[in-house]
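Comments concern the structure below.
Numbering (this note's numbering), first residue to last: 84 to 368.
Shown next as C-alpha coordinates:
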(Lines of atoms letter the chains of each structure in order from A and count residues from 1; the text may use other names and numbers.)
(Lines give C-alpha, C1' and ligand atoms only; values in the text may rest on other atoms or scores of the structure.)
Protein backbone atom coordinates (compact mmCIF):
# COMPACT_ATOMS: atom_id res chain seq x y z
CA UNK A 1 0.00 0.00 0.00
CA UNK A 2 1.32 3.43 -0.98
CA UNK A 3 -0.09 6.46 0.79
CA UNK A 4 0.20 10.22 0.60
CA UNK A 5 -1.19 12.53 3.26
CA UNK A 6 -3.24 15.57 2.21
CA UNK A 7 -2.06 19.11 2.97
CA UNK A 8 -3.66 20.86 5.91
CA UNK A 9 -6.69 23.12 5.52
CA UNK A 10 -7.24 22.65 1.80
CA UNK A 11 -10.48 22.78 -0.17
CA UNK A 12 -11.83 19.61 -1.76
CA UNK A 13 -9.80 18.66 -4.83
CA UNK A 14 -12.07 18.59 -7.89
CA UNK A 15 -11.23 15.96 -10.52
CA UNK A 16 -11.03 17.34 -14.05
CA UNK A 17 -9.61 14.51 -16.15
CA UNK A 18 -8.52 10.85 -16.08
CA UNK A 19 -6.14 9.53 -18.72
CA UNK A 20 -4.08 6.41 -19.33
CA UNK A 21 -1.18 5.64 -21.64
CA UNK A 22 1.67 3.25 -22.28
CA UNK A 23 5.35 4.11 -21.90
CA UNK A 24 7.09 1.14 -23.55
CA UNK A 25 10.57 2.67 -23.56
CA UNK A 26 10.38 3.34 -19.83
CA UNK A 27 8.69 0.00 -19.12
CA UNK A 28 5.34 0.93 -17.57
CA UNK A 29 1.71 1.93 -18.16
CA UNK A 30 0.47 5.11 -16.48
CA UNK A 31 -2.82 6.47 -15.18
CA UNK A 32 -3.02 10.18 -14.38
CA UNK A 33 -5.74 11.85 -12.32
CA UNK A 34 -5.79 15.60 -13.06
CA UNK A 35 -7.35 17.98 -10.57
CA UNK A 36 -8.71 21.39 -11.46
CA UNK A 37 -7.19 23.50 -8.70
CA UNK A 38 -3.40 23.29 -8.53
CA UNK A 39 -3.49 24.01 -4.79
CA UNK A 40 -5.72 21.07 -3.91
CA UNK A 41 -3.97 17.77 -4.54
CA UNK A 42 -5.77 15.17 -2.38
CA UNK A 43 -4.46 12.60 0.02
CA UNK A 44 -4.35 9.12 -1.47
CA UNK A 45 -3.79 5.44 -0.86
CA UNK A 46 -3.11 2.89 -3.60
CA UNK A 47 -2.87 -0.87 -3.20
CA UNK A 48 -4.02 -4.24 -4.47
CA UNK A 49 -7.27 -5.58 -3.02
CA UNK A 50 -9.22 -8.80 -3.50
CA UNK A 51 -12.08 -6.96 -5.15
CA UNK A 52 -13.27 -3.42 -5.82
CA UNK A 53 -16.56 -2.42 -4.21
CA UNK A 54 -18.78 0.53 -4.96
CA UNK A 55 -18.96 3.34 -2.41
CA UNK A 56 -21.30 3.70 -0.56
CA UNK A 57 -23.38 0.63 -1.53
CA UNK A 58 -20.63 -1.93 -0.90
CA UNK A 59 -21.69 -3.88 -4.00
CA UNK A 60 -18.95 -5.41 -6.19
CA UNK A 61 -17.87 -3.10 -9.02
CA UNK A 62 -18.23 -4.79 -12.45
CA UNK A 63 -14.82 -4.62 -14.12
CA UNK A 64 -12.71 -6.41 -16.71
CA UNK A 65 -10.59 -9.30 -15.50
CA UNK A 66 -7.29 -8.52 -13.81
CA UNK A 67 -5.65 -7.92 -10.48
CA UNK A 68 -7.55 -5.14 -8.74
CA UNK A 69 -5.68 -1.98 -7.79
CA UNK A 70 -7.73 0.39 -5.61
CA UNK A 71 -6.99 4.12 -5.80
CA UNK A 72 -8.68 5.99 -2.95
CA UNK A 73 -8.39 9.78 -2.81
CA UNK A 74 -9.40 11.72 0.29
CA UNK A 75 -10.77 15.26 0.25
CA UNK A 76 -11.55 14.80 -3.44
CA UNK A 77 -14.65 14.71 -5.65
CA UNK A 78 -15.66 14.27 -9.29
CA UNK A 79 -18.73 16.47 -8.91
CA UNK A 80 -19.61 20.02 -7.97
CA UNK A 81 -23.03 21.58 -7.34
CA UNK A 82 -24.68 18.33 -8.36
CA UNK A 83 -22.92 18.10 -11.74
CA UNK A 84 -20.06 15.83 -12.77
CA UNK A 85 -16.78 17.61 -13.47
CA UNK A 86 -15.35 14.83 -15.65
CA UNK A 87 -16.37 13.59 -19.08
CA UNK A 88 -18.42 10.40 -18.64
CA UNK A 89 -15.95 8.40 -20.73
CA UNK A 90 -13.16 9.26 -18.30
CA UNK A 91 -15.02 7.47 -15.51
CA UNK A 92 -14.91 4.13 -17.35
CA UNK A 93 -11.68 3.92 -19.38
CA UNK A 94 -10.72 0.77 -21.25
CA UNK A 95 -7.30 1.70 -22.64
CA UNK A 96 -6.32 -1.83 -23.67
CA UNK A 97 -2.71 -1.37 -22.59
CA UNK A 98 -0.28 -4.16 -21.87
CA UNK A 99 -0.92 -4.01 -18.14
CA UNK A 100 -3.77 -1.59 -17.53
CA UNK A 101 -7.03 -2.90 -18.98
CA UNK A 102 -9.69 -0.92 -17.14
CA UNK A 103 -9.94 2.25 -15.03
CA UNK A 104 -13.39 2.76 -13.50
CA UNK A 105 -15.01 5.03 -10.94
CA UNK A 106 -15.86 3.10 -7.77
CA UNK A 107 -17.12 5.87 -5.52
CA UNK A 108 -17.59 9.61 -5.13
CA UNK A 109 -19.07 10.03 -1.68
CA UNK A 110 -18.49 12.35 1.27
CA UNK A 111 -15.07 13.56 0.15
CA UNK A 112 -13.69 10.14 -0.81
CA UNK A 113 -13.13 9.55 -4.52
CA UNK A 114 -12.14 6.02 -5.53
CA UNK A 115 -11.25 4.20 -8.74
CA UNK A 116 -10.53 0.59 -9.57
CA UNK A 117 -7.76 -0.35 -11.98
CA UNK A 118 -7.78 -3.81 -13.58
CA UNK A 119 -4.19 -4.98 -14.12
CA UNK A 120 -3.25 -7.96 -16.28
CA UNK A 121 -2.66 -10.73 -15.24
CA UNK A 122 -5.05 -11.41 -12.39
CA UNK A 123 -2.88 -14.02 -10.67
CA UNK A 124 0.42 -12.13 -10.53
CA UNK A 125 0.04 -8.49 -9.39
CA UNK A 126 2.57 -6.30 -11.20
CA UNK A 127 4.88 -3.86 -9.40
CA UNK A 128 3.45 -0.35 -9.21
CA UNK A 129 4.22 3.07 -7.83
CA UNK A 130 2.01 6.04 -6.98
CA UNK A 131 2.94 9.65 -6.31
CA UNK A 132 1.65 13.21 -6.49
CA UNK A 133 3.27 15.59 -8.93
CA UNK A 134 3.64 19.24 -8.01
CA UNK A 135 0.45 21.09 -8.65
CA UNK A 136 -2.55 18.92 -9.33
CA UNK A 137 -1.76 15.41 -10.56
CA UNK A 138 -1.85 11.97 -8.99
CA UNK A 139 0.09 9.35 -10.97
CA UNK A 140 -0.14 5.55 -10.82
CA UNK A 141 2.44 3.56 -12.82
CA UNK A 142 2.30 -0.21 -13.38
CA UNK A 143 5.41 -2.04 -14.62
CA UNK A 144 5.29 -3.94 -17.90
CA UNK A 145 5.68 -7.72 -18.01
CA UNK A 146 9.25 -8.76 -17.28
CA UNK A 147 10.21 -5.20 -16.38
CA UNK A 148 10.62 -3.29 -13.17
CA UNK A 149 11.94 0.08 -14.32
CA UNK A 150 12.31 1.29 -10.78
CA UNK A 151 13.34 -0.24 -7.49
CA UNK A 152 10.75 1.23 -5.19
CA UNK A 153 11.78 1.52 -1.59
CA UNK A 154 10.48 3.54 1.32
CA UNK A 155 11.95 6.45 3.25
CA UNK A 156 10.45 7.39 6.60
CA UNK A 157 10.08 11.06 7.50
CA UNK A 158 8.77 12.74 10.61
CA UNK A 159 5.04 13.45 10.39
CA UNK A 160 3.83 16.65 12.05
CA UNK A 161 0.25 15.34 12.18
CA UNK A 162 1.30 12.19 14.07
CA UNK A 163 3.66 14.11 16.35
CA UNK A 164 0.90 16.57 17.30
CA UNK A 165 -1.59 13.75 17.87
CA UNK A 166 0.84 11.63 19.89
CA UNK A 167 0.69 8.77 17.37
CA UNK A 168 3.50 6.21 17.60
CA UNK A 169 5.55 5.77 15.51
CA UNK A 170 5.62 9.47 14.58
CA UNK A 171 6.85 8.80 11.04
CA UNK A 172 5.26 8.18 7.64
CA UNK A 173 6.74 6.29 4.69
CA UNK A 174 7.05 7.78 1.22
CA UNK A 175 8.18 5.99 -1.90
CA UNK A 176 11.52 6.61 -3.55
CA UNK A 177 13.27 5.12 -6.55
CA UNK A 178 16.50 3.63 -5.23
CA UNK A 179 19.66 2.88 -7.20
CA UNK A 180 20.86 -0.71 -7.17
CA UNK A 181 22.83 -2.47 -5.82
CA UNK A 182 23.42 -0.31 -2.72
CA UNK A 183 19.75 0.32 -2.02
CA UNK A 184 20.18 0.78 1.74
CA UNK A 185 22.68 3.57 1.17
CA UNK A 186 20.45 5.04 -1.52
CA UNK A 187 17.53 5.06 0.92
CA UNK A 188 19.55 7.01 3.49
CA UNK A 189 20.70 9.43 0.81
CA UNK A 190 17.06 10.05 -0.05
CA UNK A 191 16.31 10.55 3.65
CA UNK A 192 18.95 13.26 3.91
CA UNK A 193 17.54 15.00 0.82
CA UNK A 194 14.35 15.49 2.80
CA UNK A 195 10.71 15.44 1.69
CA UNK A 196 9.73 17.05 -1.58
CA UNK A 197 7.44 20.08 -1.86
CA UNK A 198 4.24 18.05 -2.03
CA UNK A 199 5.29 15.93 0.96
CA UNK A 200 6.18 19.02 3.00
CA UNK A 201 2.73 20.35 2.22
CA UNK A 202 1.35 17.18 3.79
CA UNK A 203 3.21 17.79 7.02
CA UNK A 204 6.27 15.61 6.47
CA UNK A 205 9.64 16.83 7.71
CA UNK A 206 13.18 15.49 7.93
CA UNK A 207 14.17 15.50 11.60
CA UNK A 208 17.95 15.64 11.21
CA UNK A 209 18.93 15.98 14.88
CA UNK A 210 21.75 18.22 13.60
CA UNK A 211 23.35 15.40 11.59
CA UNK A 212 25.08 16.67 8.46
CA UNK A 213 25.43 13.30 6.77
CA UNK A 214 26.29 9.65 7.31
CA UNK A 215 29.13 7.26 6.56
CA UNK A 216 30.38 3.72 7.20
CA UNK A 217 27.07 2.04 6.43
CA UNK A 218 27.41 -1.73 6.53
CA UNK A 219 25.27 -4.78 7.29
CA UNK A 220 26.74 -7.66 9.28
CA UNK A 221 26.05 -11.35 8.78
CA UNK A 222 23.74 -11.18 11.82
CA UNK A 223 21.45 -8.78 9.94
CA UNK A 224 22.64 -5.80 11.97
CA UNK A 225 23.01 -2.52 10.08
CA UNK A 226 25.65 -0.09 11.35
CA UNK A 227 25.71 3.58 10.37
CA UNK A 228 27.79 6.48 11.68
CA UNK A 229 26.29 9.96 11.70
CA UNK A 230 28.32 13.07 10.97
CA UNK A 231 27.98 16.38 12.73
CA UNK A 232 27.15 17.54 16.29
CA UNK A 233 24.07 15.37 16.72
CA UNK A 234 21.54 16.05 19.47
CA UNK A 235 17.99 15.02 20.32
CA UNK A 236 17.32 18.57 21.56
CA UNK A 237 15.60 16.88 24.49
CA UNK A 238 12.92 15.23 22.36
CA UNK A 239 11.41 12.04 23.71
CA UNK A 240 9.15 11.75 20.65
CA UNK A 241 11.32 11.72 17.55
CA UNK A 242 14.96 11.95 16.45
CA UNK A 243 16.78 11.06 13.28
CA UNK A 244 17.04 7.50 14.61
CA UNK A 245 13.23 7.25 14.42
CA UNK A 246 13.56 7.74 10.67
CA UNK A 247 16.74 5.74 10.03
CA UNK A 248 15.62 2.54 11.74
CA UNK A 249 12.43 1.83 9.75
CA UNK A 250 14.10 3.03 6.56
CA UNK A 251 16.81 0.38 6.95
CA UNK A 252 14.61 -2.36 8.44
CA UNK A 253 12.45 -2.49 5.31
CA UNK A 254 15.23 -4.52 3.70
CA UNK A 255 15.22 -8.30 4.29
CA UNK A 256 18.91 -8.26 5.22
CA UNK A 257 18.32 -5.94 8.21
CA UNK A 258 16.66 -6.87 11.52
CA UNK A 259 18.55 -4.50 13.83
CA UNK A 260 20.07 -1.04 13.46
CA UNK A 261 22.93 0.50 15.41
CA UNK A 262 23.38 4.24 15.00
CA UNK A 263 26.77 5.72 15.98
CA UNK A 264 27.89 9.27 16.65
CA UNK A 265 30.69 10.91 14.71
CA UNK A 266 33.27 9.38 17.08
CA UNK A 267 31.91 5.88 16.47
CA UNK A 268 30.13 5.52 19.82
CA UNK A 269 26.73 3.95 20.49
CA UNK A 270 25.07 2.75 23.69
CA UNK A 271 24.83 -0.96 22.78
CA UNK A 272 27.64 -1.72 20.32
CA UNK A 273 27.43 -5.51 20.70
CA UNK A 274 24.76 -8.09 20.03
CA UNK A 275 21.59 -8.27 17.93
CA UNK A 276 19.67 -5.25 19.21
CA UNK A 277 18.97 -1.68 18.20
CA UNK A 278 21.21 1.03 19.55
CA UNK A 279 21.55 4.81 19.42
CA UNK A 280 24.26 7.15 20.67
CA UNK A 281 23.82 8.92 23.99
CA UNK A 282 23.26 12.25 22.24
CA UNK A 283 19.96 11.01 20.79
CA UNK A 284 18.47 10.19 24.18
CA UNK A 285 15.93 12.73 25.55
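By construction, the Cβ of each residue, glycine as well, lies at the ideal position given by its N, Cα and C atoms.
Neighbour-count burial assignment, residue i, 16 or more Cβ in a 10 Å radius
i	result
residue 228	exposed
residue 173	buried
residue 388	Residue 388 lies beyond the residue range present for the chain, which begins at 84 and ends at 368; the question has no answer from this structure.
residue 325	buried
Residue i versus the options, residue with shortest Cα-Cα distance
i	options	result
residue 341	252, 268, 351, 332	332
residue 334	237, 127, 133	237
residue 152	108, 185, 278	185
residue 148	343, 296, 187	187
residue 292	300, 160, 366	366
residue 177	316, 114, 258	114
residue 223	156, 323, 168	156
residue 103	116, 310, 356, 210	116
residue 270	282, 256, 250	256
residue 280	214, 230, 303, 319	214
residue 201	192, 194, 211	211
Residues that residue i bridges to, as DSSP identifies them
i	result
residue 310	345
residue 126	157
residue 362	DSSP, once it has assigned bridges, lists no residue as partnering residue 362.
residue 289	DSSP, once it has assigned bridges, lists no residue as partnering residue 289.
residue 136	143
Continuous alpha helix (DSSP H) stretch holding residue i: start and end
i	result
residue 329	326–335
residue 144	Element bounds for residue 144: n/a, residue is neither H nor E.
residue 268	266–276
Delimiting residues of the beta strand (DSSP E) encompassing residue i
i	result
residue 283	Run containing residue 283: none in the beta strand (DSSP E); it sits in the alpha helix (DSSP H), 280–284.
residue 296	296–302
Query raised in the report: Unbroken alpha helix (DSSP H) runs of length 4 or more, entirely within the stretch 92–119: which are they?
Result: none
Query raised in the report: Which ranges would you report for the beta strand (DSSP E) in the stretch 230–260 if only whole runs of at least 3 residues count?
Result: 235–242, 254–260
**Report entry** Contained beta strand (DSSP E) runs [length at least 3] in the stretch 145–228, N- to C-terminal order
**Finding:** 150–157, 183–192, 195–202, 211–216, 220–226
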